[in-house]
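Protein chains in written order, with this note's numbering: chain A, 26 to 230; chain B, 26 to 230.
2 protein chains.
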Amino acid sequence: MTSMNSLTFDELGSAAQRDRRKRILDATIALASKGGFDAVQMRAVAERADVALGTLYRYFPSKIHLLVSALAREFEQANSNMDRKPVPGDTSADRVIYVLNRNTRALQRDPNLTEALTRAFMFADASVANEIHAVGMHVTRMLMRAMHDPGTPASEIEPTEQDIAVAKVIGDVWLASLVQWVTGRASAADVSKSIDVAVHLLLRD
Amino acid sequence: MTSMNSLTFDELGSAAQRDRRKRILDATIALASKGGFDAVQMRAVAERADVALGTLYRYFPSKIHLLVSALAREFEQANSNMDRKPVPGDTSADRVIYVLNRNTRALQRDPNLTEALTRAFMFADASVANEIHAVGMHVTRMLMRAMHDPGTPASEIEPTEQDIAVAKVIGDVWLASLVQWVTGRASAADVSKSIDVAVHLLLRD
DNA sequence: TCTGCGACTGGAACGTGTTTCGATTGTCCA
DNA sequence: TGGACAATCGAAACACGTTCCAGTCGCAGA
């Protein structure tokens, strides 16, 4: 049933297993941060996490699953950090731009890590649907919170069709820009500009 | 100098070489069409194109270069097909939607091929910049022609900053939608809807 | 026609993602 | 405590992208 999915935190029975999972993701992030996608070698991850190669594959059925799961964990952390304060800005557009730029800068601070995670995300195929979906939810949630009044608890927002459509387009543009930045086809300024343009075109209020 | 780029059609001296290049790209398309990204195996391409493995690598320095070059050739052909007739539709938005839907349907008719080409495009790194750029130009050109009056020769259009920004966003959304379709995260209808939404939000005239 | 040189061939070899499997360890139930 | 069963380990093996090399071919210039 779950044979082709990564083992999630909650599915893991024992503390030792949750710890193994954490060690694996930590090792993944560390290696990615040091040398990007290519440096995340399965043997290296296993060794650094102090786990056998076969075990690594039991927890994450492929390198892509592993990296996308790491991305999901990063987004989750970022989201819960942001939940602590209301988003500054007077308009939807301002707040969305603020949030995206803030996250973009955070990503750009660790280019190797971002390259690794982004490339994995883009290369993922249908078998990674669950992990990808988790990432998508985090992004949508972040944008929804920014689009609505500051201080609104995320759980109480009920987005309109239009909201969702707009968030989807903005998310797409953000991701496409990041991909271009990661692959050296766009500068950091270009990414910022793209977001600005897209948000202002989409959220003229 | 050109050591890390694919050999382009014009760079090739002899007819035999141009023919080799064509055979390689044909073999690539055929294999991709049959089994997608994974089926495009370098040994298989070489064998089918009746070329030694080393020669294949002399023409295209990696599998990604190969597939992105194939994508560029496909777009080039599609573009020159479309140049034969004016784009139907009364408004920019209508014409852009028409063109994108037409191309989307064409891509969806061969899901394996589309999967192979899209994934390669998304996975490409900085070393594939030239090939990627070629693809980008074809897409931009296609959108520019659709945004302006039907019948205008592509060479005579002088796009404004705004035009370019809008085309960029639309291109990003189109690509992101295709990626989602390829990976089973969006249906054909979803792709169509995304394009509709993005174009109507961006080209309200 | 002969010569030299770059292109091409066939095939071996290497690296890394992935699979497999027998031996060992940990855990939980009787 | 003892035993069963799953999880983990250690290590070999496989697949495919990529590199390398020695030999052959084709062709332009002498």
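Positions of the beta carbon are idealized from the N, C-alpha and C atoms, including for glycine. Predicted model, so just to flag it, every value in this text is computed and none were measured.
CA nearest to the CA of residue i, picked from the options
i	options	result
HIS90(B)	TYR123(B), HIS173(B), MET29(B) and LEU78(B)	MET29(B)
MET167(A)	ALA77(A), PHE148(A), LEU203(A) and VAL121(A)	VAL121(A)
SER94(B)	ALA201(B), GLY196(B), LYS218(B) and ALA52(B)	ALA52(B)
ASN104(A)	SER117(A), LEU125(A), GLY114(A) and TYR84(A)	LEU125(A)
ASP35(A)	TYR84(A), ALA223(A) and ALA131(A)	TYR84(A)
ASN170(A)	LEU132(A), ASN155(A) and GLY114(A)	The identity of residue 170(A) in the sequence shown is Arg, whereas the question assumes Asn. The shortest Cα separation from ARG170(A) among LEU132(A), ASN155(A) and GLY114(A) belongs to GLY114(A).
MET162(A)	ARG73(A), LEU92(A), ALA40(A) and ALA97(A)	ALA97(A)
VAL194(A)	ALA190(B), ASP188(B), THR165(B) and LEU226(B)	LEU226(B)
PHE100(B)	SER152(B), ALA118(B), ALA41(B) and ILE54(B)	ILE54(B)
SER152(B)	PRO86(B), GLY79(B) and THR129(B)	PRO86(B)
VAL224(A)	ALA190(B), ALA214(B) and ASP215(B)	ALA190(B)
GLN133(A)	ARG43(A), GLN102(A), SER58(A) and GLY79(A)	SER58(A)
Backbone CA spacing between residue i and residue j [nearest angstrom]
i	j	result
LYS47(A)	ILE157(A)	19 Å
THR116(A)	SER217(A)	18 Å
MET67(A)	LEU81(A)	8 Å
ALA131(B)	SER219(B)	17 Å
LEU192(B)	VAL222(B)	A small fix is needed here, since residue 192(B) is Ala in this sequence, not Leu. Each residue's alpha carbon lies about 14 Å from the other.
ALA77(A)	GLY38(A)	19 Å
PHE146(A)	LYS110(A)	28 Å
LEU228(B)	ASP108(B)	23 Å
VAL160(B)	THR33(A)	39 Å
GLY60(A)	GLU186(A)	41 Å
SER212(A)	ARG45(A)	37 Å
ALA154(A)	PHE148(B)	18 Å
ALA71(B)	ASP63(A)	26 Å
ASP119(A)	ASP215(A)	18 Å
LEU50(A)	PRO136(A)	18 Å
ALA69(A)	LYS88(A)	12 Å
LEU92(B)	GLN102(B)	15 Å
ALA43(B)	GLY79(B)	Note on residue identity: the sequence assigns Arg, not Ala, to residue 43(B). So the alpha carbons of these two residues sit roughly 17 Å apart.
ASP150(B)	ARG144(B)	12 Å
ASP188(A)	GLU183(B)	34 Å
GLY65(A)	ARG73(A)	It is Val, not Gly, that sits at residue 65(A) in the sequence shown. Those two C-alpha atoms are separated by around 11 Å.
ALA41(A)	THR129(B)	48 Å
VAL164(A)	TYR123(B)	30 Å
ARG127(A)	SER31(A)	29 Å
THR27(A)	ASP75(A)	For THR27(A), the pLDDT reaches just 38, beneath the cut-off of 50, and the residue's location in the model is therefore unreliable, although a value from the coordinates is still provided. The straight-line gap from Cα to Cα measures roughly 24 Å.
MET172(B)	LEU56(A)	46 Å
ASN106(A)	VAL112(A)	12 Å
Checklist entry - Does the stretch 138-155 of chain A come within contact of the stretch 205-217 of chain A, defined as at least 3 CB pairs closer than 8 Å? => result yes
Checklist entry - In chain order, which continuous runs of the alpha helix (DSSP H) of length 4 or greater are located wholly inside the stretch 129-180 of chain B? => result 136-148 and 154-172
Checklist entry - Counting pairs of Cβ atoms below 8 Å between the stretch 188-198 of chain B and the stretch 182-201 of chain A, do you hit three or more? => result yes
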